[in-house]
Amino acid sequence: MDRFAPSVVSRAHSDLTGRTPVYTSTPERIGASQLTAFTAFLRICTGQPLPDYEALHDFSVREFRTFWQCFVQWSLGLNWSGNAEPVCIGDDCEHANFFPQMQLNYADNLLGLSVASPDAPALTACHADGRRVRLTRAELRERVARLAHALSELGLGEGDRVVGVMRNDADAVVTALAVTALGATMSTAAPEMGVDSIRDRFEPLAPRLLFAHTAARTFDTGRSVASNVADLAAALPSLQGVVCLDDGTLPSTVTQSIYSLGELLDAGDADRFVWRRFAFNHPLFIMFSSGTTGKPKCIVHGTGGTLIEHLKEHRLHSDLRPGDRMYFHTSCAWMMWNWQLSALASGVEIVTYDGPISTVDTLWRLVAEERVTVFGTSPAYLKMSEDAGVEPKAQFDLGALRAILSTGAVLYDAQFEWVRDHVKPLPLQSISGGTDIIGCFVLGNPNLPVYAGEAQCRSLALDVQAWDQGSRTGGVGQLVCVNPFPSRPLGFFGDAQGDAFHAAYFASNPGVWTHGDLISLSPEGAVRMHGRSDGVLNVRGINVGPGEIYRVLNDIPEIREAMVVEQKVRDASAGHADPENVESRVVLLLVLNDGAALSGALAARVRRDLARRASPAHVPDRIIAVDALPVTHNGKLSEAAARSAVNGLPIGNAAALRNPECLDAIRRHPALNLATRELPPVGESREQLELYLQAYWEKLFGVAPIGRDDNFFDLGGHSLLATRLLADVRQSTGRTIPLAMLMIAPTITRLAALICDDALPPSSPTLVRVRAGTGMPLFLIHSASGSVMECLALIGSLKSPRPVYGLLARGLDGEQPALLRVEDMAASYIEQMRTVQPNGPYAVAGYSFGGLVAFEIAQQLRRAGERIELLFLLDTYVDEHCRPWTARLRRRAGSVRAHWQTVRELPAARLPGYVKDRFAGVADQIRMRVGRMALRPEGYTAVLPPAMQHMRETMRVAMTTYRPKPYDAGPIVYVRAAVSQSAYGDPMLLWRRVARAGLVVAEVSGGHADLIVEPNVQFVAAALDRGLGE
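Counting from 1 along the sequence shown, just add 3 to a position and that's the residue number in the numbering used here.
Written out as structure tokens, the structure reads:
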């Protein structure tokens, strides 16, 4: 498939996909939407049928030139001159040039009087003290023209760069529009940002003028804004003047000319100002990257590209029009301020707010009081409202509100439902793009349904795809845009050759914009965001997107915020000789709600929910509670800064953060150093032993504190950790604890009681009650590990009330000789089973190798005259000698061909070693055929403790020698993994042959090991419940 081919996503109705939208628009609203009107116009222009949005988007990316030409023609009030041909020169996204013969003025288009009447409201500026400043379109246009004329008299003009440290109010709006009306380039920051952070942004631009609010507000913190402005002015040698936007006073240290906004407005003459037009790609705004990994990048955006992209997003995707009142919670440091500003071009009244969120319901109150129709917010504010128990629909009159837009982070499924249930049924539109394109790649759609957790669609004329390894993927992949688009930045300021610009967006996939986000596309064409790709975690070879973790944690009420990062830890056993000998572990940082604490129970729930709803790979190695997470000045969490702190590295640019002090607390957190913490002495008393075990468990699981009644397995324990724990306990206490006892006493309190009360058995039991219950028991046979610990999730997922007993292998602790034959194991286990159930009918089950023993147990019980209620085999394979000779012959022939090919390609020096290795393998096969242990263990067991390695090798011998015979005591229930283990061949060839009374087969997605972990374990448990008659 051509990786540059336009993407087409098939659209399926909810009754086919089984998914129900959280919101569906009405036919009347769809018919009246601007998207419907433009589609009709495009049909006339092109002759294309365009029956639905899928067809429209497909056309818009294949014929993007035609799309943009038609959109410019259709857009009411868009004033330009020159020629709309050519639309675009070049097909390469990195170098394409749009509308090179067109000229226009950004501010003139925002303040045009044809899209809305002169007396239509244009701006309402709200202040924390209750003040309101209201301007009509004519009043705003006149004020902008007066200021622009006054600035031109000061010599400001095309090519100059202007910067502003501004509050989100009417004066900031007037300033930005006046500067851009002159053809100068505007860059903005917010007063709450630090001086160093602002200097890093503004200094490379060599600005001519600085606009700034200088008067103090009651909600300001830290140094006075006037002092910060003075320090900033001193750090900008190119600066010729400072314009004060309010009545504050600057210190006498300011050496540049000082002007006041009021004086300039009084001096300006709107009638004398000429609204000149500039080239389509004339620089309009210079925006900035977050700067958390170094100096911020200065991103230059063009006039025309910004304007027509925003017109498209506002009119077609958001259905904004005259009569709408939009409030987006933002500051002048964030691109959403610029995005909202451009809504003036669609005749929208914009609402601004200068002040803090003094109470959780502050923004809901503003939306109600100002009769806002479109409210722009963030997932964080919605979550804060939910956690605080705010009920907007009951507390406020939200009758005017028709849509909510959310951006800045991933918006999770439950938040869509909360808005529907606690705000009102309306489209909650997840929009996502970035400062990089001053717009959106995915966003809303007035004609499409809203599905929980997803953006409704991809932006028109932007061929957004999910890529993996340089080509399209059907799963989670990198967000890329394949085709050219007009809002692509002109480049980075100061990057004359474009090397840094290329490295940022095009180095990964030449000619294709690579954005740095992870997405997946739904069958309906909606888009699910999975977080930043540069924060992707590699968990034991598996790539895990942080967004998948956050989505699960969002549903745990104790958690306010979460961040997951990777920590590099040197392998202590390797010493310091090899700097490359490091291992990675995943650290989860949690900010908890008031009254919540990171208990063992909460940590267990986090691990359990992540394993169940995502996968075991999503479960963190360390869980740490912190007071705050690092946040940039535009309100976004900084994973890069947290990652540096967790790894003890210096922060690239602390000034880019709003709260850099939180990094010291993260860096010094004791839970990050649990592995090196000295354990307390074991002591003589039970209290001392419990303290020792508690500290050891905290070190083992990487979470503190752990309660003494927390369950080892709920915390994430498994057989390998259990073996390590009991080995260390033996070394520390001199007491040998059988592995089985940890299932009987899985808490610190109970384990300490067993040790101190001398209640340990003389040898490891082979029968353990894993779960209490009522009725006839289920007997679960161990796998090749010798234990049933790996099946605890399966046991816990059963709905059947029956008790469950686990059969463990003899010799599991290395204290007794292991049994080498399946028949002997079965006979031994039957003796144990009869101690709790003397007579049938019996229910037996086994996972993997355990299925062979379960099968033999059923055979022996049948021969003894007992009835078998259930024989349940979970993906049980057999030795190749149990398969038909034709299948064995084909496998042998394939093996011979593979070895011959290897021999032909091997260097001569390596050939003797290879042949010797193959002969040794054949010799081991012969040894196992006669019931003897192989001389060389399988390679994957090398990392296991000796006792566990010996156990697996024992089971390998038993599997090799066992030959299942025909079985007629009842049907066999067999659950198989969809992904087979090719090395063992197809076991169904044997099971179909020996199951004389029937074979019931169920297939579950995933591989062999996936069957006993979330989410697949739920399907396996359901099959087992059905077999038990539930």
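Positions of the beta carbon are idealized from the N, C-alpha and C atoms, including for glycine.
- A181 is the residue among R137, G719 and A181 whose C-alpha sits nearest the C-alpha of S155.
- Bridge pairing for Q106: S84 and A282 [DSSP].
- Taking C-beta atoms as the reference points, L482 and D520 count as a pair closer than 8 Å.
- Per DSSP, C247 is one residue of the beta strand (DSSP E) stretching across G244 to C247.
- Contact check between the stretch 721-728 and the stretch 738-752: three or more CB pairs, one atom from each, fall below 8 Å, which counts as touching.
- Counted as a single uninterrupted DSSP element, the beta strand (DSSP E) harbouring W516 occupies residues W516 to L524.
- With 16 or more other CB atoms across the displayed protein chains lying within 10 angstroms of its CB, F875 is buried.
- Rounded to whole angstroms, R711 and G603 show a C-alpha spacing of 9 Å.
- Under the three-state reduction of DSSP output, K968 falls in the coil class, being neither helix nor strand.
- Take the alpha-carbon of C91 and the one of H285: they are about 16 Å apart.
- A distance below 8 Å separates the beta carbons of N86 and Q104.
- The straight-line gap separating the alpha-carbon atoms of L366 and A643 is approximately 30 Å.
- With contacts defined as CB atoms closer than 8 Å, F716 and L795 qualify as a contacting pair.
- Going by DSSP, V168 is part of the beta strand (DSSP E) stretching over R164 to V168.
- Excluding sequence positions up to five before and after R554, its CB lies within less than 6 Å of the CB of Y415, all in the same chain and listed in chain order.
- It is roughly 14 Å from the alpha-carbon of V232 to the alpha-carbon of Y262.
- Partner residues in a beta bridge of S63, as assigned by DSSP, do not exist.
- Each residue's CA atom was taken as its position, placing R999 and I975 some 9 Å apart.
- In the structure shown, the three-state DSSP call for T769 is coil.
- When the five nearest sequence neighbours on each side are left out, the beta carbons in the same chain lying within less than 6 Å of the beta carbon of V1004 are those of Y977, in order along the chain.
- T217 is positioned such that its CB atom lies closer than 8 Å to that of G251.
- For a cut-off of 8 Å, the C-beta gap from K396 to V426 is around 6 Å, short enough to register as a contact.
- The beta-bridge partner set that DSSP reports for Q481 consists of W470 and L521.
- L810 places its beta carbon less than 8 Å from that of F782.
- For F331, the enclosing beta strand (DSSP E) stretches over residues R328 to F331.
- In its chain, beyond the 5 residues on either side, V177 have a beta carbon closer than 6 Å to the beta carbon of R146.
- Within the stretch 692-773, the complete alpha helix (DSSP H) segments at least 4 residues long are 722-736, 744-747 and 751-759, listed from N- to C-terminus.
- Per DSSP, R405 lies in no alpha helix (DSSP H) and is assigned neither H nor E.
- At a Cβ-Cβ threshold of 8 Å, S490 and G442 count as neighbours.
- Of the residues L465, D597, S409 and G350, the one whose Cα lies closest to the Cα of A391 is D597.
- Spanning the alpha carbons of Y330 and P194 requires a straight line of approximately 20 Å.
- Going by C-alpha positions, A628 is about 29 Å away from M792.
- Within the same chain, and ignoring the five residues on either side of M954 in sequence, the residues whose Cβ sits closer than 8 Å to its Cβ are A787, S788, G789, A812, G814, L815 and A821.
- Judged by DSSP secondary structure, P549 falls within the alpha helix (DSSP H) whose first and last residues are P549 to L556.
- Going by DSSP, D174 is part of the alpha helix (DSSP H) stretching over A173 to A184.
- Its Cα nearest to that of S722, the residue Q952 stands out among S735, R475 and Q952.
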